[in-house]
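**Q** Below you will find the structure I want to go over with you.
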Amino acid sequence: MNEIEQRVTELNKILHEYGHAYYVLDNPVVADSVYDQLLHELIALEEANPSLIYPDSPTQRVGGAVVEGFKKVTHDYPMLSLSNAFNEADLREFDRKVRQAIGDQFSYVCELKIDGLAISLKYENGVFVQGATRGDGVVGEDITANLKTIRAIPLRLKDPVTIEVRGEAYMPKKSFEKLNTHRADNGEELFANPRNAAAGSLRQLDPKIAASRQLSTFIYAIGGDGELYGIDGHAEMLDYLEGLGFPSNKERQRCSTIEEVMAFIEHWTENRPNLAYEIDGIVIKVDRYAQQDELGYTAKSPRWAIAYKFPAEEVVTTLLTIDLTV
Ligand SMILES: CC(C)(C)c1nc(N2CCN(c3ncccn3)CC2)c2cc(C(N)=O)c(N)nc2n1
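Counting in the numbering used here, the final residue of the sequence shown is number 345, and the numbers go up one at a time with none missing.
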């Protein structure tokens, strides 16, 4: 390997690590200027030596041509729905049914319910090969080029595994405010909320526009059977996915009783405004896969999970009263 190839390989490795620290761990290890300088060095070397452009090079994130539309993708494993709980009675009823089916030797995992849009990501031998929207749960749209622009989505995993993962793509509150300010300045129609802005961004036919929207994601499940990876439960699965290089939301908590679940809900009902992203509830899941299998599924959603939805906030529309009499 000549010294140029060595330098290109080294830059790929360094930029991948810096990108993971910054976008996945939210913990930058170098200044942005250092990252940009190394990225520009790699861009120059790739331009001079196109044969050295690796498919998972950080320079390949914003590459795709503008497309006419999106191909349809049938999910290998259907992306299920979640049944909802709106109050304490619903939660106690869910807990009663769980205990009726599997007794009381189990624990829940509680997660923030990110208010974005569900996506599916496919990796072959550790390389990101396809990304799709949830669609109707069975058929979604291929938005691989747009998802590649999300820096939190690894283009290559720490291990060369073939796996499909599911998560929520979202637009952080700050990016949303910046985007709407920019649109207001340009007399463009505003997005109503970060979820619509994220969905609109991922539906863009030009990946350069998606890349400009500063989206992120949290991964919360794999498609198919976790036991295939020698993993016995959901909490362990989330740790495994983090080990592969995926971002997962760290605000999750194991709860032994529905009282602990309700305390978790209470905590985040109060602290929701301090989060950098919007959430519309809390997802509660029985942890161990063997117990999930015992509980099984309804036609469209697991019996081992429920989404507690926060009450809809009263929408305060401050009507501008312009005094025309002056
Ligand atoms: C894998 C299961 C089914 C248990 C599951 N399903 C989810 N969802 C299903 C319904 N989805 C949906 N989306 C659109 C229309 C109908 N259903 C949207 C994702 C989850 C969403 C979140 C989140 N948002 O943060 C989460 N932490 N865990 C989830 N876990």
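Cβ atoms here follow ideal geometry from the backbone N, Cα and C, with glycine treated the same way.
Please specify which runs of the beta strand (DSSP E), each continuous and at least 3 residues long, are wholly inside the stretch 189 to 218, giving them in chain order.
**A** none
**Q** When the distance is taken between beta carbons, is L260 closer than 8 Å to I238?
**A** yes
**Q** Excluding sequence positions up to five away, which residues of its chain have a Cβ less than 6 Å from the Cβ of Y327?
**A** A104, I284, G300, I301
**Q** At a cut-off of 7 Å, would you count S102 as near ligand 2, judging by its Cβ distance to the nearest heavy atom?
**A** Among the ligands modelled here, namely ligand 1, ligand 2 does not occur.
**Q** I'd like to confirm something about I325: is its beta-carbon nearer than 7 Å to some heavy atom of ligand 1, or not?
**A** Ligand 1 has no heavy atom closer than 7 Å to the beta-carbon of I325.
**Q** Quick one: give me the first and last residue of the alpha helix (DSSP H) that K116 is part of.
**A** Going by DSSP, K116 is part of the alpha helix (DSSP H) stretching over 107 to 121.
**Q** Could you say which of I298, E278, D312, W287 lies nearest to R115 if we only look at CA atoms?
**A** E278
**Q** Within this structure, are the beta carbons of H39 and V128 separated by less than 8 Å?
**A** no
**Q** Count the C-beta pairs between the stretch 193 to 212 and the stretch 154 to 162 that are closer than 8 Å, then say yes if the count reaches three, no if not.
**A** no
**Q** Residue ranges of each beta strand (DSSP E) run of no fewer than 3 residues wholly in the stretch 220 to 295, ordered along the chain?
**A** 235 to 241, 272 to 274
**Q** Would you mind reading off the limits of the alpha helix (DSSP H) that contains I33?
**A** 22 to 38
**Q** Quick check on the DSSP output: the alpha helix (DSSP H) that includes Y308 runs from which residue to which?
**A** 308 to 314
**Q** D95 and G242 - do their beta-carbons sit closer together than 8 Å?
**A** yes
**Q** Taking 7 Å as the cut-off, does the CB of A240 come closer than this to any heavy atom belonging to ligand 1?
**A** yes
**Q** Just the Cα atoms here: how many angstroms apart are V305 and F125?
**A** 7 Å
**Q** Check the C-beta distance from L61 over to L30 and give it rounded, since I have them as a contact under 8 Å.
**A** 4 Å
**Q** Compute the Euclidean distance between the alpha carbons of P321 and Q233, then round it to the nearest angstrom.
**A** 32 Å
**Q** Drop a sphere of 10 angstroms on the beta-carbon of P213, count the other beta-carbons inside from all chains shown, and report buried for 16 or more, exposed for fewer.
**A** buried
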